[in-house]
Amino acid sequence: RQLNDRIMLCERAFLQGTGLPNNPWYRHLIFSPSKEDSYGGRPFPTLYDALVLRDYEEAQIQLQLIAVAIENAQILLSGS
134 RQLNDRIMLC ERAFLQGTGL PNNPWYRHLI FSPSKEDSYG GRPFPTLYDA LVLRDYEEAQ
194 IQLQLIAVAI ENAQILLSGS
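Note that this note's numbering has the sequence shown beginning at 134, numbered continuously upward.
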């Protein structure tokens with residue numbers, strides 16, 4: 134039960150409370166439906182969008198948010 138709870142909290146660590154920029158109805162920082170292909174997914178959608186638009190300041194912000202989410206997930210999984 135404890136492991137299941139940690140896995141559930143780990144998944145929640147990747148959710149952005151306010152939604153993703155330019156796509157507020159999706160909240161997951163790691164996976165999101167692709168804007169170009171309705172059948173496909175997009176890994177790291179916020180980082181990808183910022184890089185496609187060549188908005189490097191936004192890309193840096195998104196990279197930091199992703200890094201914090203990964204660190205939080207690691208802490209949750211390790212049980213620390």
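Ideal placement from N, C-alpha and C gives every residue a C-beta, glycine not left out.
Under DSSP, Leu153 takes part in a beta bridge, and its partners are Asn156. With a beta-carbon spacing of about 18 Å, Leu198 and Leu142 fall beyond the 8 Å limit used to define contacts. Looking at the backbone, the Cα of Asp188 and that of Thr179 are separated by about 11 Å. Judged by their CB atoms, Ala202 and Ala146 are nearer to each other than the 8 Å cut-off. For Ser165, the enclosing beta strand (DSSP E) covers residues Phe164 to Pro166. Around the CB of Ser165, 16 or more other CB atoms lie within 10 Å, so the residue is classed as buried.
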